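*Asks:* Here it is, the structure, as structure tokens.
4 protein chains.
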Amino acid sequence: MSERIRVAVLGAAGRMGSTVVRAVQEAPDLELVATLDAGDDVGALADSGVQVAVDFTVPSATEANVLALVDAGIHAVVGTTGWTDESLGRVRSRLEARPGAGVLIAPNFALGAVLAMTFASRAARYFDSVEVIELHHPDKVDAPSGTARHTAAGIAAARAAAGVGPSPDATTSALDGARGADVDGVRVHSVRLRGLVAHEEILLGNPGEMLTLRHDSFDRVSFMPGVLLGIREVGARPGLTVGLEHFLDLG
Amino acid sequence: MSERIRVAVLGAAGRMGSTVVRAVQEAPDLELVATLDAGDDVGALADSGVQVAVDFTVPSATEANVLALVDAGIHAVVGTTGWTDESLGRVRSRLEARPGAGVLIAPNFALGAVLAMTFASRAARYFDSVEVIELHHPDKVDAPSGTARHTAAGIAAARAAAGVGPSPDATTSALDGARGADVDGVRVHSVRLRGLVAHEEILLGNPGEMLTLRHDSFDRVSFMPGVLLGIREVGARPGLTVGLEHFLDLG
Amino acid sequence: MSERIRVAVLGAAGRMGSTVVRAVQEAPDLELVATLDAGDDVGALADSGVQVAVDFTVPSATEANVLALVDAGIHAVVGTTGWTDESLGRVRSRLEARPGAGVLIAPNFALGAVLAMTFASRAARYFDSVEVIELHHPDKVDAPSGTARHTAAGIAAARAAAGVGPSPDATTSALDGARGADVDGVRVHSVRLRGLVAHEEILLGNPGEMLTLRHDSFDRVSFMPGVLLGIREVGARPGLTVGLEHFLDLG
Amino acid sequence: MSERIRVAVLGAAGRMGSTVVRAVQEAPDLELVATLDAGDDVGALADSGVQVAVDFTVPSATEANVLALVDAGIHAVVGTTGWTDESLGRVRSRLEARPGAGVLIAPNFALGAVLAMTFASRAARYFDSVEVIELHHPDKVDAPSGTARHTAAGIAAARAAAGVGPSPDATTSALDGARGADVDGVRVHSVRLRGLVAHEEILLGNPGEMLTLRHDSFDRVSFMPGVLLGIREVGARPGLTVGLEHFLDLG
């Protein structure tokens, strides 16, 4: 039997962190060897033989954590948000001295969401029309969701690269807001409904046909298969990778 | 075998009218005895023994047609738009002299659309949240569609009558238009997509559950079952009826 | 301010019972005055001034509980399964001596599920075709679900009562099982998928149109609005009522 | 301005063929220079300077047509069904003498259907559960549809190649047919409903999430964008290609 991968979890007391802790404990090919919270010394992990560390901490701490992990020669799987081009650049620089180390930073670990976004971008150039609907619980404060904006921006970029024009729209008389928000020329509609969690639907239309890509997220455990895949693959992918889709074999 | 109902079609050369002509010809319990177009004399129908006349003409002609039909003692099934409270009042007045005559005026003869609207109004008071999405081909000039506005207005009225407050919404930061149009306090989102025809979805949410009512109209023949039902029932429903839902037995 | 309704919960330690306890505690117009579990004396509730008791116990206990509640003049709201025509008959007999007491026994308290079933039965006679798809988590042992069987049976009965024939089906060559199960002549398809909870979709088709009624149950809290509605209404509905739909005002 | 591609249509009088004729006539970068029907001489097309021929004829004629086109140095885009491994082998042999000629044979030219199938195969390995629902008009004689069987077979092959086990299913008590047909271990459900045309839904489930890929075909014109793409690309893809997906740039 092959050796189990030795894993540490940073931010282990948080909502996401504690879910990761359970998922690692239940995975037969992984061994949980350390859990850290605010104030704990990341550098000390090297002595425990940790191979991969998962970071679901806070924006103010994650960059320092990742830099320390790189220095310690520990691969990192990062779900914390707040990364900028500058902070990503500093991780890339630090990795130059550690060519074997891998860092995966992903804004979304739900495989279904990542696949829906990736497929939408790839399909977008082949359809006359594309629109996005996102549906969330009514306690959400921003609209559209970050995922939907990111999806629409990816669609817009793919269509621009392929030289595809805007979706046709003959609307001349509309109530304010009826046609949704405009994200890089792609219409995005935000539904807020008690009972929902997080859902996204991408609609692509051609004469006589429609392709729909829909992702439903019912529970935060939906992130775990993506996190486990990251843990298993990051050691074989040196350097910085941004986005789980690059770890997927999508043909 | 029972007698067949003797039917005339007004506006027989139009898109809807010609579809009605075919549907009447194919129905074993109906007999097509006259087809009229612009300029033909409605009053002469009485001599042909016409029992029910279907009017899919134009807003400028339909009221005069209906008044002439009432005078002639012919029941009327009307799909032409453009009716106002005043023109409906004139039909009611004229019917007073003809207590046996029935007139059905319906903005929508698609059974599925009528049922979706009716069910939405009845269900609306039992849910925390309600929103409407309508989806049409991109050559449509108005947004939201008349059907969606009518649906939202019916939902709003039903919730107000039951003392239900507005759908919860914590949005504090939104792109313009993301949250859709506001129709009497109900959010309505309009999607325009090549390949679509006419579609409406009503979403109702409570803690832990969602009820979805969706109507897809793929083709204008979808109006025919409702028109035939109108023809068969109008003789037994004297007076003016506005809306096909009143001819349905919905418990 | 009006008096709060005094409520007891039987089976308070169970999964459903404990959820009911919380919901009653959070409702401003209800007062939780007693919780009972196996072995506790139902008869003693009368002394606490309990007006309504909610029973989510077990099939072997529920009938005796309800009979004791009726004897004590306490209204009952019952979500326990296992009722037969005979046991319902015994409740009806006992109620004869207590004309003011109300008993609501409901197989399903999710408002959305009850509405989907009711609307499906009412709409079924107006469409050529009707089929049912139910979707559940893959740990479910029976297929189709009880709710889907109940829905299909209601649809079949409504179509039979209206003299509507079977849904058209030209299939002459099929793989075993492709066309689903046959429940009183209505096709029912059972999907089992990791990540799902409990979902049902009723599809109704006419030439050129489709009406879809879908219910998604994401969490057991979805039963609470129906249970609370039962508690509030049961006092005004003397006698035995089977099915939450009879407490809804559906026009 | 670049030269227009000179196109011939074989089977021009058929339902699909006549639709292709119109689509080619309306495309500004294509020139329709010949239409052929049963009995016409394919070999003579070379004299008209035809560059690409589209074949929507009948299974008994298509192979001879394609071989004649290859001999004449004309690229072929073929939507006729009935191809076997043997007939495909004969096309490959003939192409050896004409290394510049391209032949595209595709069972399905609807871009949305091809993308749904391709994406389903690529995503299938990342999910615990996968099932397929196909929905068609009730005049269809076979169930499941050929597209759905093909989709399920592709999913099954992709999961087998990645070493993924069967979808979980705890069903121990089921009505006959409830769980659908078994296609290589993937469950397929066939709905037949008046009003529908051709629709397919692939459901992929993981703990806490679902990814849905749905294709709706409303009208035969949905095949045209794929046929036009084939005409434009086949000249740059020498040899035999089976399946439109190989002409798409899916990253």
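These protein sequence lines map, in sequence, to chains A, B, C and D. Heads up: the first sequence at position 235 corresponds to 236 in the numbering used here, and the numbers run straight through without jumps. Heads up: the second sequence at position 215 corresponds to 216 in the numbering used here, and the numbers run straight through without jumps. Heads up: the third sequence at position 250 corresponds to 251 in the numbering used here, and the numbers run straight through without jumps. Heads up: the fourth sequence at position 189 corresponds to 190 in the numbering used here, and the numbers run straight through without jumps. Every residue gets a Cβ at the ideal spot worked out from N, C-alpha and C, and that includes glycine. Keep in mind that this is a model prediction, so the values were computed, not measured.
Where do the N-terminal and C-terminal ends of the alpha helix (DSSP H) with residue 151(B) fall, by residue?
*Replies:* Position 150 of the second sequence, counted from the first residue, corresponds to residue 151(B). 147-162 is the extent of the alpha helix (DSSP H) around residue 151(B).
*Asks:* Taking CB distances under 8 Å as the criterion, tell me whether residue 55(A) reaches chain D.
*Replies:* Within the first sequence, residue 55(A) is the residue found at index 54, counting from 1. Residue 55(A) does not count as touching chain D.
*Asks:* Which residues of the region 100-112 of chain B have a Cβ closer than 7 Å to any Cβ of chain C? Give them in chain order.
*Replies:* Under the 7 Å Cβ criterion, the region 100-112 of chain B contributes 111 and 112.
*Asks:* With a CB to CB cut of under 8 Å and the five nearest residues on each side skipped, what residues in its chain are close to residue 196(D)?
*Replies:* In the fourth sequence, the residue the question calls residue 196(D) occupies position 195. For residue 196(D), where only same-chain residues beyond five positions count, the Cβ hits under 8 Å are 138.
*Asks:* List the endpoints of the continuous beta strand (DSSP E) containing residue 232(D).
*Replies:* In the fourth sequence, the residue the question calls residue 232(D) occupies position 231. Unbroken run through residue 232(D) is the alpha helix (DSSP H), 225-234; no beta strand (DSSP E).
*Asks:* Below 6 Å CB to CB, which residues in the same chain sit around residue 189(A) once its five sequence neighbours on both sides are set aside?
*Replies:* Translated into the one-based positions of the first sequence, residue 189(A) becomes position 188. The residues are 133, 145, 149, 153, 181 and 182.
*Asks:* Quick check: the region 9-27 of chain C against the region 222-233 of chain B, are there 3 or more CB pairs under 8 Å?
*Replies:* As far as the Cβ criterion goes, the region 9-27 of chain C does not touch the region 222-233 of chain B, which means the pair count is below three.
*Asks:* What are the boundary residues of the beta strand (DSSP E) that includes residue 135(A)?
*Replies:* Counting from one through the first sequence, the residue named residue 135(A) turns up at place 134. 130-137 is the span of the beta strand (DSSP E), which, as asked, contains residue 135(A).
*Asks:* Just to confirm my understanding: we take residue 60(B), look at its own chain, exclude 5 residues before and 5 after, and list those with CB closer than 7 Å. What are they?
*Replies:* As a working mapping, residue 60(B) is identified with position 59 in the second sequence. Answer for residue 60(B): 81, 82 and 83, listed in chain order.
*Asks:* What distance in whole Å lies between the Cβ atoms of residue 246(C) and residue 58(C), which are believed to be in contact at a cut-off of 8 Å?
*Replies:* Along the third sequence, read from residue 1 onward, the residue named residue 58(C) stands at position 57. Along the third sequence, read from residue 1 onward, the residue named residue 246(C) stands at position 245. About 23 Å separates the two Cβ atoms, so there is no contact after all.
*Asks:* By the criterion of Cβ-Cβ separation under 9 Å, what are the contact partners of residue 190(C) in chain D?
*Replies:* Against the third sequence, residue 190(C) aligns to sequence position 189. By Cβ distance, chain D contributes 134, 178, 179, 180, 181, 190, 191 and 192.
*Asks:* Taking contact to mean at least 3 C-beta pairs separated by less than 8 Å, is the region 95-104 of chain C in contact with the region 162-174 of chain D?
*Replies:* Too few Cβ pairs lie closer than 8 Å, so no.
*Asks:* Between the beta-carbon of residue 213(A) and the beta-carbon of residue 215(D), is there less than 8 Å?
*Replies:* What you label residue 213(A) is simply residue 212 of the first sequence in a count that begins at 1. What you label residue 215(D) is simply residue 214 of the fourth sequence in a count that begins at 1. Yes.
*Asks:* Determine the closest residue to residue 12(D) out of 129(D), 62(D) and 221(D), with distance taken between C-alpha atoms.
*Replies:* Counting from one through the fourth sequence, the residue named residue 12(D) turns up at place 11. Comparing Cα positions, the closest option is 62(D).
*Asks:* Compute the Euclidean distance between the alpha carbons of residue 70(D) and residue 33(D), then round it to the nearest angstrom.
*Replies:* The count along the fourth sequence starts at 1 and reaches residue 70(D) at position 69. The count along the fourth sequence starts at 1 and reaches residue 33(D) at position 32. Distance between the alpha carbons of residue 70(D) and residue 33(D): 16 Å.
*Asks:* For chain D, find out if any of its Cβ atoms is closer than 8 Å to the Cβ of residue 218(A); answer yes or no.
*Replies:* By one-based count along the first sequence, residue 218(A) stands at place 217. Answer yes: the Cβ-Cβ gap between residue 218(A) and chain D drops below 8 Å somewhere.
*Asks:* Indicate whether residue 51(A) and residue 35(A) have their beta-carbon atoms separated by less than 8 Å.
*Replies:* The count along the first sequence starts at 1 and reaches residue 51(A) at position 50. The count along the first sequence starts at 1 and reaches residue 35(A) at position 34. Contact flag set, yes.
*Asks:* Whole angstroms is fine: what's the gap from residue 89(D)'s alpha carbon to residue 201(A)'s?
*Replies:* Translated into the one-based positions of the fourth sequence, residue 89(D) becomes position 88. Translated into the one-based positions of the first sequence, residue 201(A) becomes position 200. About 41 Å.
*Asks:* Rank 221(D), 76(D) and 66(D) by C-alpha distance to the C-alpha of residue 267(D) and give the top, closest one.
*Replies:* Only positions 2 to 252 of chain D appear in the structure, and residue 267(D) is not among them; the question remains open.
*Asks:* Under 8 Å by Cβ, that's how I've got residue 78(C) and residue 203(C) pegged, so tell me the actual separation to the nearest angstrom.
*Replies:* In the third sequence, counting from the first residue as 1, residue 78(C) sits at position 77. In the third sequence, counting from the first residue as 1, residue 203(C) sits at position 202. With 8 Å as the limit, residue 78(C) and residue 203(C) do not qualify as a contact, their Cβ atoms being about 27 Å apart.
*Asks:* For the region 165-189 of chain D, which segments carrying the alpha helix (DSSP H) assignment without a break, of at least 4 residues, lie completely within its bounds, in sequence order?
*Replies:* Listed in chain order, there is nothing to give.
*Asks:* Within 8 Å of any Cβ in chain B, is that where the Cβ of residue 88(A) sits?
*Replies:* Counted from its first residue, the first sequence places residue 88(A) at position 87. For residue 88(A), the answer is no, since every Cβ of chain B falls outside 8 Å of its Cβ.
*Asks:* Straight-line CA distance for residue 221(A) to residue 74(D)?
*Replies:* Within the first sequence, the letter at position 220 stands for residue 221(A). Within the fourth sequence, the letter at position 73 stands for residue 74(D). Roughly 58 Å between the two C-alpha positions.
*Asks:* In chain order, what residues of the same chain have a beta carbon less than 7 Å from the beta carbon of residue 87(D), not counting five sequence neighbours either side?
*Replies:* Position 86 of the fourth sequence, counted from the first residue, corresponds to residue 87(D). So no residue of the chain qualifies.
*Asks:* DSSP state of residue 196(A), grouped into three classes?
*Replies:* Stepping through the first sequence from its first residue, residue 196(A) is reached at position 195. Coil at residue 196(A), not helix or strand.
*Asks:* Alpha carbon to alpha carbon, how far is residue 100(B) from residue 239(B)?
*Replies:* The residue labelled residue 100(B) in the question sits at position 99 within the second sequence. The residue labelled residue 239(B) in the question sits at position 238 within the second sequence. For residue 100(B) and residue 239(B), the distance between alpha carbons rounds to 7 Å.
*Asks:* Which complete beta strand (DSSP E) runs does the region 52-113 of chain C hold, if anything under 3 residues is left out?
*Replies:* Here the runs fully enclosed are 53-56, 76-79 and 103-106.
*Asks:* Contact criterion: CB-CB distance below 8 Å. Does residue 197(C) meet it with respect to chain D?
*Replies:* In the third sequence, residue 197(C) corresponds to position 196, counting from 1. It does: the Cβ of residue 197(C) has a partner Cβ on chain D nearer than 8 Å.
*Asks:* Taking C-beta to C-beta, are residue 55(C) and residue 10(C) nearer than 8 Å?
*Replies:* Position 54 of the third sequence, counted from the start, is the residue given in the question as residue 55(C). Position 9 of the third sequence, counted from the start, is the residue given in the question as residue 10(C). Cβ distance < 8 Å, so residue 55(C) and residue 10(C) count as in contact.
*Asks:* Between 47(A), 92(A) and 131(A), which has its C-alpha nearest residue 205(A)'s C-alpha?
*Replies:* Here residue 205(A) refers to the residue found at position 204 of the first sequence. Among 47(A), 92(A) and 131(A), the Cα nearest to that of residue 205(A) belongs to 131(A).
*Asks:* Does any C-beta atom of chain D lie closer than 8 Å to the C-beta of residue 209(A)?
*Replies:* Stepping through the first sequence from its first residue, residue 209(A) is reached at position 208. Yes - at least one Cβ of chain D is within 8 Å of the one on residue 209(A).
*Asks:* Pick helix, strand or coil for residue 48(D), following the three-state DSSP scheme.
*Replies:* To locate residue 48(D), count along the fourth sequence from 1; it is residue 47. Reduced to three states, the DSSP call for residue 48(D) is helix.
*Asks:* Which first and last residues belong to the beta strand (DSSP E) in which residue 15(C) is found?
*Replies:* Position 14 of the third sequence, counted from the first residue, corresponds to residue 15(C). Neither: residue 15(C) is in no beta strand (DSSP E) and is coded neither H nor E.
*Asks:* Of all the options 155(D), 37(D) and 165(D), which has the alpha carbon lying nearest to the alpha carbon of residue 14(D)?
*Replies:* Indexing the fourth sequence from 1 puts residue 14(D) at position 13. Nearest option by C-alpha distance: 37(D).
*Asks:* Closer than 7 Å by C-beta to residue 96(A): which residues in its own chain qualify, once you throw out the five before and the five after it? Chain order, please.
*Replies:* Within the first sequence, residue 96(A) is the residue found at index 95, counting from 1. Closer than 7 Å at Cβ, skipping near neighbours: 71, 102, 104, 240 and 241.
*Asks:* Pick out whichever of 251(C), 49(C), 164(C) and 223(C) has its Cα sitting closest to the Cα of residue 128(C).
*Replies:* Locating residue 128(C) in the third sequence gives position 127, where the first residue counts as 1. Closest by alpha carbon: 164(C).
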